[in-house]
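Asker: Can you keep this structure in mind? I'll have questions shortly.
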Amino acid sequence: MLISNLGRTRTKLLTSFQDLSDEQLNRKPSDKSWSIAQVLHHLYTSEKAMAGLVLDALQAKTEKVEEKDLSFVTDRTKKSKAMSEPPNEMMTKENLLQLLEESRFQHLQFVFNETHERILAKKSMKHQDFGEISLKNAVNLIWLHEKRHINQIQEIRQQLNF
Numbered sequence: 001m002l003i004s005n006l007g008r009t010r011t012k013l014l015t016s017f018q019d020l021s022d023e024q025l026n027r028k029p030s031d032k033s034w035s036i037a038q039v040l041h042h043l044y045t046s047e048k049a050m051a052g053l054v055l056d057a058l059q060a061k062t063e064k065v066e067e068k069d070l071s072f073v074t075d076r077t078k079k080s081k082a083m084s085e086p087p088n089e090m091m092t093k094e095n096l097l098q099l100l101e102e103s104r105f106q107h108l109q110f111v112f113n114e115t116h117e118r119i120l121a122k123k124s125m126k127h128q129d130f131g132e133i134s135l136k137n138a139v140n141l142i143w144l145h146e147k148r149h150i151n152q153i154q155e156i157r158q159q160l161n162f
């Protein structure tokens with residue numbers, strides 16, 4: 001189910017900006033908001049970081065924790081501070097697609113090469129916002145986080161009339 005959710009959400013993400021030019025991807029609705037390119041870069045860095053944390057936790061001695069319902073992550077009315085700010089420089093669609101492919105097919109794929117979903121449910125890690133979560137929850141956060149930002153991309157498109 002994890003891999004299916006990751007794939008389905010990634011397809012929606014790629015579709016959400018495929019018709020935009022590099023200029024459109026880098027346009028911001030305001031000085032205080034991110035461009036679509038910055039949202040995509042944020043998804044790349046977040047997925048890469050989460051895959052690294054999961055891999056580290058697989059090697060550590062951890063205990064099984066109760067699964068949590070993290071579906072609220074997709075609610076855009078609840079704001080949280082990003083762990084890192086995306087760059088302000090111009091990014092091309094080609095480069096962004098390469099980064100998203102790297103995070104998914106190098107970093108996250110490595111997690112699934114190392115273990116199975118059943119094992120992810122038996123190990124845990126500490127998350128800065130959600131406390132102790134299972135590694136399965138951590139991987140679920142990747143696609144839920146991506147879904148949240150697909151909604152953000154749609155909001156940006158509406159604001160900029162794309």
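Numbering-wise, UniProt numbering puts 131 at position 131 of the sequence shown, and it's gapless, one number per residue. C-beta atoms are modelled at their ideal positions from N, C-alpha and C, and glycine is treated no differently.
Is Met-90 helix, strand or coil by DSSP?
Answerer: The residue you call residue 90 lines up with position 90 of the sequence shown. Here Met-90 sits in coil by DSSP.
Asker: So, does the segment 100-118 touch the segment 22-34, judging by three or more C-beta pairs under 8 angstroms?
Answerer: No, the segment 100-118 is not in contact with the segment 22-34.
Asker: Please classify Lys-78: is it buried, with 16 or more other beta-carbons within 10 angstroms of its beta-carbon, or exposed?
Answerer: Counting from one through the sequence shown, the residue named residue 78 turns up at place 78. With fewer than 16 other Cβ atoms from the protein chains shown falling within 10 Å of its own Cβ, Lys-78 counts as exposed.
Asker: Measure the CB-CB distance between Met-91 and Ala-49 and report whether it falls below 9 angstroms.
Answerer: The residue labelled residue 91 in the question sits at position 91 within the sequence shown. The residue labelled residue 49 in the question sits at position 49 within the sequence shown. Cβ atoms of Met-91 and Ala-49: not closer than 9 angstroms.
Asker: Taking only runs of the beta strand (DSSP E) that begin and end inside the UniProt domain "DinB-like" (6-153), which ones reach a length of at least 3 residues, in chain order?
Answerer: 124-127 and 131-134
Asker: To the nearest angstrom, how far is it from the Cα of Glu-66 to the Cα of Lys-126?
Answerer: Taking the sequence shown and counting its residues from 1, the one referred to as residue 66 is at position 66. Taking the sequence shown and counting its residues from 1, the one referred to as residue 126 is at position 126. Taking the straight line joining both Cα atoms gives about 13 angstroms.
Asker: Within 10 Å of its beta-carbon, does Ile-156 have 16 or more other beta-carbons around it, so buried, or fewer, so exposed?
Answerer: In the sequence shown, residue 156 corresponds to position 156, counting from 1. Result: buried.
Asker: Are the CB atoms of Leu-70 and Ile-119 within a distance shorter than 9 angstroms?
Answerer: The count along the sequence shown starts at 1 and reaches residue 119 at position 119. The count along the sequence shown starts at 1 and reaches residue 70 at position 70. Taking the C-beta atoms as reference points, Leu-70 is found no nearer than 9 angstroms to Ile-119.
Asker: Measuring CA to CA, which of Leu-53, Gln-109, Thr-115 and His-41 is closest to Gln-98?
Answerer: Stepping through the sequence shown from its first residue, residue 98 is reached at position 98. Ranking Leu-53, Gln-109, Thr-115 and His-41 by Cα distance to Gln-98 puts His-41 first.
Asker: Answer with buried or exposed for Ile-153, where buried requires no fewer than 16 other C-beta atoms within 10 angstroms of its C-beta.
Answerer: Locating residue 153 in the sequence shown gives position 153, counting from the first residue. Counting Cβ neighbours within 10 Å, Ile-153 comes out buried, since at least 16 surround it.
Asker: Reducing DSSP to helix, strand and coil, say where Leu-160 ends up.
Answerer: One-based indexing of the sequence shown puts residue 160 at position 160. Correct three-state label for Leu-160: coil.
Asker: Assuming Leu-2 and Lys-136 are in contact, meaning their beta carbons sit under 8 angstroms apart, how far apart are those beta carbons, in whole angstroms?
Answerer: Looking up residue 2 in the sequence shown gives position 2. Looking up residue 136 in the sequence shown gives position 136. 7 angstroms between Cβ atoms; contact.
Asker: When the distance is taken between beta carbons, is Thr-115 closer than 9 angstroms to Leu-58?
Answerer: Translated into the one-based positions of the sequence shown, residue 58 becomes position 58. Translated into the one-based positions of the sequence shown, residue 115 becomes position 115. Contact check for Leu-58 against Thr-115 passes: the beta carbons are separated by less than 9 angstroms.
Asker: Please tell me whether Met-83 and Ser-46 are closer than 9 angstroms, where the distance is taken between their beta carbons.
Answerer: Sequence index remark: in the sequence shown, residue 83 carries index 83 (1-based). Sequence index remark: in the sequence shown, residue 46 carries index 46 (1-based). In this structure, Ser-46 lies closer than 9 angstroms to Met-83 by Cβ.
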